[in-house]
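Residue numbers for the sequence shown follow my numbering, so the first one is 2 and each next one is one higher.
To start, the structure under review is shown below, and the notes come after it.
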Amino acid sequence: MSKWHGYAFCEPVVAGSNSPWCLRKITDKGLRPGGGVDSNSLCGRVKAPYGWDVDVPVTQDRVDSDFVCKRCLEVLRS
């Protein structure tokens, strides 16, 4: 099982085309690609329920990309 199992990329409702993807822990309710996430992103930028999950699996390659929120990564690694 991937170390990223249980995480999702997410965006706030105010996300733009150049907004970074945040990371959040998935709850027992699963992914919420239609909106209404039920937990905050690691950095706190995405507040429940005002965001949605990006329907793209979290992988190491994607986490290492420039498109992921640096604050979420700092929280995850601390």
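C-beta atoms are modelled at their ideal positions from N, C-alpha and C, and glycine is treated no differently.
Residue 77 carries a helical assignment under DSSP once its states are collapsed to helix, strand and coil.
Restricting attention to 61, 59, 28, 62, the CA atom closest to the CA of residue 49 is found in 28. With respect to the C-alpha of residue 42, the residue from 34, 52, 35 having the closest C-alpha is 52. Buried is the label assigned to residue 46, since at least 16 other Cβ atoms lie within 10 Å of its Cβ.
Under DSSP, residue 13 shares a beta bridge with 52. Taking C-beta separations shorter than 8 Å and ignoring five residues to either side along the sequence, the partners of residue 76 in its chain run 43, 44, following chain order.
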